[in-house]
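Protein chains: 2
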Amino acid sequence: MGVYIQVLEDLQSQQQQVIPSEKLAEKCEVNSSQIRKDLAYFGEFGVRGVGYYVTDLLQAIKHFLGIDRNWNCILVGVGNLGRALLRHRQLPQKGFQIRMAFDCDPFKIGEHVAGHEVVCTRRLKEKAQLMQIDIGLITTPPERAQRAANHMMQAGIKGIINFAPTRIHVSSDVTVDYVDFSNHLISMAFRLSHP
Amino acid sequence: MGVYIQVLEDLQSQQQQVIPSEKLAEKCEVNSSQIRKDLAYFGEFGVRGVGYYVTDLLQAIKHFLGIDRNWNCILVGVGNLGRALLRHRQLPQKGFQIRMAFDCDPFKIGEHVAGHEVVCTRRLKEKAQLMQIDIGLITTPPERAQRAANHMMQAGIKGIINFAPTRIHVSSDVTVDYVDFSNHLISMAFRLSHP
């Protein structure tokens, strides 16, 4: 779905109102029967002989995915990866606003990164509860990931995305997703070994 | 598969030789029928009433995935994300060695990051051909991703992982994978909207 959104947003920014099915499939690098199957799900946005209405289709996909609204995020761990996320231009465009950045390193506390003042992680609960925070991003070293998750849970955050290469334990009402770069390398190694 | 590898490597570093099937399933956060199905693929590593032989199973998975060897990688784009990857301790442990780092910013060329001297991207072909480079990682801003891919293709690199949030065009003998952080946020938003 991410690909469809990206391609449709590109089309929208180019003021294109309609795109033929085959053309959309080509841009998304899927075949046209796959795209028809995927997009049929969102209702009748394809018009025979014409194609898809870009804005309507995009809106329907976003609504389905729950990204036709803003999501408030915080981030713990202002290292290189944390900074990359704080400076990521496309996350706010997609409705994901990183509201605050935390770190326990006294040399980082008070620093400004991409318009965010880095705050001591111990103040996470107090700070995060003032806003309605939906999603917490963990970009700490692995040995600090669990502590970051604990702070997030204490602040009532129900969705955690863990970029640190380690498993974390959360209570049953919290949803966790793991981002592990090495999986992409493993998958590439597999594809190159089995051409 | 990434989870299995991570858990099995943790067990191996703890000198654990055998693990009961249910225990392995629990650690990997899958159910035990799923794990039996997944791992049956790799041959008879489970022994009834005993469990799995950690080292043998890990070796079989790695062999299957093509990561029982070293893969030479290069990286183009020494921003925050590039630095995070260059400093990632687990990639070399998994057989992915980033051999060289390139950037076209004159202020970065000559800098040392995690033991790598940053080299001008124009010298990529010349430099990369001296080694057998398997995989190229693109961590540039989106507007420079295609140029990075072109340099990689000219150097004969057949696998490209693009972290820049844009589509790239490659020749048909090149495999591309996209890493898009916003997909993880979209997926989390979806899961939180559909509890």
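Going down the list, the sequences are from chains A and B.
Take any residue in the first sequence, note its place counting from 1, add 1017, and you have its number in our numbering.
Take any residue in the second sequence, note its place counting from 1, add 1017, and you have its number in our numbering.
Backbone N, C-alpha and C fix where the C-beta goes; we use that ideal spot for every residue, glycine too.
Remember, predicted model here, so these are calculated numbers, not experimental data.
Starting from the beta carbon of residue i, find every residue of chain A whose beta carbon is closer than 8 Å, and list them in chain order.
i: Val-1196/B; result: Phe-1198, His-1201
i: Lys-1142/B; result: Residues of chain A passing the Cβ test: none, with the nearest at roughly 20 Å.
List, in order along the chain, the chain B residues whose C-beta lies closer than 9 Å to that of residue i?
i: Ile-1152/A; result: Leu-1202, Met-1205, Ala-1206, Leu-1209
Run through DSSP, which three-state label would residue i get?
i: Glu-1039/B; result: helix
i: Arg-1065/A; result: coil
i: Arg-1117/A; result: One point to set straight first is that residue 1117/A is Met, not Arg, in the sequence displayed. Three-state result, Met-1117/A: strand.
i: Ile-1126/B; result: coil
i: Asn-1048/B; result: coil
i: Ile-1022/A; result: helix
i: Ile-1174/B; result: coil
i: Pro-1158/B; result: coil
i: Lys-1054/A; result: helix
i: Lys-1144/B; result: helix
i: Gln-1034/B; result: coil
i: Gln-1163/B; result: helix
i: Gln-1029/B; result: helix
Please name the residue in the options whose C-alpha comes closest to that of residue i.
i: Asp-1197/A; options: Leu-1028/B, Lys-1040/B, Val-1071/B, Lys-1111/B; result: Lys-1111/B
i: Thr-1187/A; options: His-1168/A, Gln-1032/A, Glu-1143/A, Val-1095/A; result: Just to set this straight, residue 1187/A is Val in the shown sequence, not Thr. Comparing Cα positions, the closest option is His-1168/A.
i: Arg-1100/A; options: Pro-1123/A, Thr-1192/A, Ala-1162/A, His-1129/A; result: His-1129/A
i: Arg-1184/A; options: Ala-1172/A, Pro-1159/A, Ser-1199/A; result: Pro-1159/A
i: Lys-1144/B; options: Pro-1123/B, Phe-1180/B, Gln-1171/B; result: Gln-1171/B
i: Gly-1153/B; options: Arg-1161/B, Ile-1177/B, Ile-1084/B; result: Ile-1177/B
i: Arg-1116/B; options: Asp-1085/B, Gly-1068/B, Asn-1097/B, Val-1136/B; result: Val-1136/B
i: Ile-1126/A; options: Arg-1106/A, Val-1093/A, Arg-1104/A, His-1105/A; result: Val-1093/A
i: Lys-1040/A; options: Gly-1068/A, Asn-1200/A, Asp-1190/A, Ile-1078/A; result: Gly-1068/A
i: Ile-1174/A; options: Ala-1162/A, Arg-1164/A, Val-1191/A; result: Val-1191/A
i: Asn-1089/B; options: Phe-1113/B, Phe-1207/B, Phe-1081/B; result: Phe-1113/B
i: Phe-1119/A; options: Leu-1056/A, Ala-1166/A, Pro-1109/A; result: Ala-1166/A
i: Leu-1209/A; options: Arg-1139/B, Leu-1108/B, Ile-1084/B, Ser-1199/B; result: Ile-1084/B
i: Tyr-1021/B; options: Phe-1180/B, Ser-1030/B, Glu-1046/B; result: Glu-1046/B
i: Leu-1028/B; options: Val-1064/B, Arg-1086/B, Gln-1163/B, Tyr-1070/B; result: Tyr-1070/B
i: Asp-1122/B; options: Ser-1038/B, Ala-1057/B, Thr-1157/B, Asn-1048/B; result: Thr-1157/B
i: His-1211/A; options: Phe-1081/B, Gln-1034/B, Ile-1155/B; result: Phe-1081/B
i: Gly-1132/B; options: Pro-1037/B, Leu-1025/B, Leu-1102/B; result: Leu-1102/B
i: Ile-1203/A; options: Ser-1049/B, Ile-1203/B, His-1201/B, Asp-1194/B; result: Asp-1194/B
i: Ser-1199/B; options: Gln-1051/A, Arg-1104/A, Arg-1065/A, Lys-1044/A; result: Arg-1104/A
i: Ser-1038/A; options: Gln-1076/A, Arg-1106/A, Ile-1150/A, Ser-1049/A; result: Ser-1049/A
i: Ile-1091/B; options: Gln-1076/B, Pro-1109/B, Lys-1079/B; result: Pro-1109/B
i: Asp-1055/B; options: Glu-1134/B, Arg-1065/B, Gly-1019/B; result: Gly-1019/B
Kindly list, in the order they appear in chain A, the residues whose Cβ is closer than 9 Å to that of residue i.
i: Gln-1146/B; result: Ordered by position in chain A, no residue passes the 9 Å Cβ test against Gln-1146/B, which lies about 18 Å from the chain.
i: Met-1018/B; result: Asn-1200, Ile-1203, Ser-1204, Phe-1207
With residue i as the anchor, note down where its alpha helix (DSSP H) starts and where it stops.
i: Arg-1184/B; result: Where Arg-1184/B is concerned, there is no enclosing alpha helix (DSSP H), given that its DSSP letter is neither H nor E.
i: His-1133/B; result: Per DSSP, His-1133/B belongs to no alpha helix (DSSP H); it is in the beta strand (DSSP E), 1133-1137.
i: Gly-1153/A; result: From DSSP, Gly-1153/A is part of no alpha helix (DSSP H) but of the beta strand (DSSP E) over 1152-1155.
i: Gly-1099/B; result: 1097-1103
i: His-1080/B; result: 1071-1082
i: Arg-1208/A; result: 1198-1210
i: Gln-992/B; result: Absent from the model: residue 992/B. The displayed extent of chain B is 1018 to 1212, so no value can be given.
Name the chain A residues that come within less than 7 Å of residue i, Cβ to Cβ?
i: Arg-1100/B; result: Asn-1097
State the start and end residues of the unbroken beta strand (DSSP E) segment that holds residue i.
i: Asn-1089/A; result: 1088-1093
i: Asp-1194/B; result: 1192-1195
Given that residue i touches chain B, what residues does it touch there, using C-beta distances under 8 Å?
i: Gln-1107/A; result: Pro-1182, Ser-1199
i: Phe-1113/A; result: Ser-1199, Leu-1202, Ala-1206
i: Thr-1192/A; result: Met-1205, Arg-1208, Leu-1209
i: Arg-1104/A; result: Asn-1097
i: Lys-1175/A; result: Leu-1209
Check your understanding: In chain order, what residues of the stretch 1071-1095 of chain A put their CB closer than 7 Å to some CB of chain B?
Key -> Residues passing the 7 Å Cβ filter: Leu-1082, Gly-1083, Ile-1084, Trp-1088.
- request: Return the residues of the stretch 1177-1190 of chain B that lie within a Cβ-Cβ distance of less than 7 Å from chain A, sorted by chain order.
  value: Cβ contacts with chain A come from Ile-1178, Pro-1182.
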